[in-house]
Amino acid sequence: MTEVIDGNAVAADIRESLTESIETLESEGVTPGLATVLMSDDPASETYVSMKQRDCEEVGIDGIHVEIDSDAPAEELYETIDDLNADPAVHGILVQMPLPDHVDERRVLRSVDPVKDVDGFHPENVGRLVAGDDRYRPCTPHGVQKLLEAYDIETEGANAVIVGRSNIVGKPLANLLLQKADDGNATVTVCHSRTEDLAEKTRAADILVAAAGRPEFIGGEMVGEGATVVDVGINRVDADTEKGYELVGDVDYDSVEATAGAITPVPGGVGPMTRAMLLYNTVKAAGLQTDVDVELP
Ligand code: NAD
Numbered sequence: 000m001t002e003v004i005d006g007n008a009v010a011a012d013i014r015e016s017l018t019e020s021i022e023t024l025e026s027e028g029v030t031p032g033l034a035t036v037l038m039s040d041d042p043a044s045e046t047y048v049s050m051k052q053r054d055c056e057e058v059g060i061d062g063i064h065v066e067i068d069s070d071a072p073a074e075e076l077y078e079t080i081d082d083l084n085a086d087p088a089v090h091g092i093l094v095q096m097p098l099p100d101h102v103d104e105r106r107v108l109r110s111v112d113p114v115k116d117v118d119g120f121h122p123e124n125v126g127r128l129v130a131g132d133d134r135y136r137p138c139t140p141h142g143v144q145k146l147l148e149a150y151d152i153e154t155e156g157a158n159a160v161i162v163g164r165s166n167i168v169g170k171p172l173a174n175l176l177l178q179k180a181d182d183g184n185a186t187v188t189v190c191h192s193r194t195e196d197l198a199e200k201t202r203a204a205d206i207l208v209a210a211a212g213r214p215e216f217i218g219g220e221m222v223g224e225g226a227t228v229v230d231v232g233i234n235r236v237d238a239d240t241e242k243g244y245e246l247v248g249d250v251d252y253d254s255v256e257a258t259a260g261a262i263t264p265v266p267g268g269v270g271p272m273t274r275a276m277l278l279y280n281t282v283k284a285a286g287l288q289t290d291v292d293v294e295l296p
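Just so we're aligned, residue 0 is where the sequence shown starts under numbering that gives the first Met the number 0, counting upward by one.
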C-alpha cells in the first residue's frame, strides 16, 4: 500500500507547537512580527501573501503588510526594506517574489537584514546553510525535511534525487540533505533541464523530489519500486472549473501511486509545510532578536 503523506496534518502539528513557543515569547513581552511586502499585481502572489497573513493571525504573530504599486520606483521598495530593518517590532521580512522587471532582485535579497531574512535567501544565510551552520532554512526545503521526518523516512544513506536546481527549492534542499546530520546524510543527485537520461536517474532514487515546475511530468515509469515521491510542484493548468484552472503537481499522481512507497499529494503535501515553516522561522527570528530561548518543533 502506498502511504499518502499528509502535509496538512504535519503542518497543523507544527503550528500547534509554535503556538506554545509564541506563548513563551509573549510571557517575556515579545510579540513576533512578520512583515510581508507585495509589489506585484499577480493574483497568485496576492493570494500567497494573504494566506501568509492569515497564518500569522491564527498563531499569534503580528502581521504587518506593505503594498507597493508595481509601477512605483524601485527606490520605494528599497526604502521600505530599510524602514522594516530598523523597526524593532518586525522580526521577519518577506518580500514576495517575483518582483517587477525594473527592480533589482539581487539588491533586494541583499538588503534585508540577515537576522530578519526569514526566507533564508540572503547570501549570508545561503552561505551559512551550505557550511552546515544554518540560521534560517528556506521554507520549502525545510518543509520537505520535516515531512520526511514525520513519516520516519530515513535520509541517511538514501539516494535522494532532486529534479530542479532553483535557489529556492532544488539547491538549498540538496545542501540540506547532504549535511552531516540526522536529517541529512543522503547521497544527493540534482537533475535539471540539461540532465541527460533523466528517467534513469530518477528511477534510482529512494527519495525523489520533483521541483521542476512542469505539470505532471514525472510519470510512473520514472519512479523506482517503493520510492518516496515528494511533489513540490504547484502548476496552474486550464480546467473546466469555476476559476478556469486547477492546481496540479509535477508528478502524475495516478501513474506514480502504484509504484511509489509513499507520496505527497498536491494540494495538501508540501504547500502547507512551506507556510508552516515561514511561521517557524519568524518565531525563531523573534527569539534570536530578543534573546528569549524558544523551543522549536
Ligand atoms: P524554477 O522554475 O525556478 O526552477 C525549475 C527547475 O527545474 C530549474 O532548475 C530547471 O533546470 C528544472 N527543470 C525544468 N524543466 C526540466 C526538465 N524537463 N527536466 C529536468 N529539470 C527541469 O522553479 P522553482 O521556483 O524551483 O519551483 C518549482 C515548482 O515548485 C513550481 O511548480 C513552483 O510553483 C513550485 N513551488 C512550490 C512550493 C510549495 O510550497 N509547494 C514552493 C516553491 C515552489
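Each residue gets a CB set at the ideal place from its N, CA and C atoms; glycine is no exception.
Does the separation of the CB atoms of residue i and residue j fall below 8 Å?
i           : j           : result
residue 65  : residue 46  : no
residue 255 : residue 223 : no
residue 293 : residue 231 : no
residue 228 : residue 259 : yes
residue 4   : residue 233 : no
residue 69  : residue 38  : yes
residue 269 : residue 6   : yes
residue 221 : residue 142 : no
residue 266 : residue 252 : no
residue 48  : residue 35  : yes
residue 154 : residue 119 : no
residue 145 : residue 282 : no
residue 157 : residue 206 : yes
residue 296 : residue 67  : no
residue 54  : residue 274 : yes
residue 150 : residue 2   : yes
Between residue i and the ligand NAD, is there a pair consisting of the residue's CB and a ligand heavy atom that are separated by less than 7 Å?
i           : result
residue 4   : no
residue 194 : yes
residue 55  : no
residue 270 : yes
residue 159 : no
residue 139 : yes
residue 90  : no
residue 187 : no
residue 162 : yes
residue 234 : yes
residue 37  : no
residue 299 : An answer regarding residue 299 cannot be provided, because it is not within the stretch 0 to 296 covered by the chain.
residue 201 : no
residue 213 : yes
residue 249 : yes
residue 263 : no
residue 210 : yes
residue 64  : no
residue 121 : no
residue 273 : yes
residue 231 : yes
residue 197 : yes
Quick one: measure Cβ to Cβ for residue i and residue j, integer angstroms, because I've assumed they're closer than 8 Å.
i           : j           : result
residue 32  : residue 90  : 5 Å
residue 225 : residue 249 : Incorrect: roughly 20 Å between the Cβ atoms, too far for contact.
residue 109 : residue 77  : Going by Cβ atoms, the distance from residue 109 to residue 77 rounds to 10 Å, so no, they are not a contact pair.
residue 159 : residue 208 : 7 Å
residue 140 : residue 99  : Contact flag wrong, Cβ pair sits at about 26 Å.
residue 190 : residue 162 : 5 Å
residue 115 : residue 284 : 6 Å
residue 101 : residue 111 : With 8 Å as the limit, residue 101 and residue 111 do not qualify as a contact, their Cβ atoms being about 19 Å apart.
residue 300 : residue 71  : Not covered by the structure: residue 300. The range shown for the chain is 0 to 296.
residue 165 : residue 95  : Rounded, the Cβ-Cβ distance is 16 Å, inconsistent with contact.
residue 125 : residue 92  : Wrong, their Cβ atoms sit about 16 Å apart, outside the cutoff.
residue 187 : residue 204 : Not really, about 10 Å apart at Cβ, beyond 8 Å.
residue 136 : residue 128 : 7 Å
Residue i CB to nearest chain C CB: under 8 Å?
i           : result
residue 223 : Protein chains in the displayed structure number just one, and chain C is not present.
request  = Flag this pair as touching only if the segment 21–28 and the segment 228–248 have three or more C-beta atom pairs under 8 Å; answer yes or no.
outcome  = no
query = Quick one: any contact between the segment 276–291 and the segment 51–63, if contact means 3 or more CB pairs under 8 Å?
reply = yes
request  = Any chance you could list the alpha helix (DSSP H) runs of at least 4 consecutive residues sitting entirely within the segment 139–212, in chain order?
outcome  = 169–177, 197–202
ask   = Which ranges does the beta strand (DSSP E) cover as unbroken runs of at least 3 residues, wholly within the segment 3–57, from first to last along the chain?
value = 32–37
key: Contiguous alpha helix (DSSP H) assignments of at least 4 residues, all confined to the segment 209–285   = Fully enclosed alpha helix (DSSP H) runs of 4 or longer: 252–256.
inquiry  = Which runs of the alpha helix (DSSP H) at least 4 residues long sit entirely within the segment 90–130? Give them in chain order.
reply    = 104–110, 122–129
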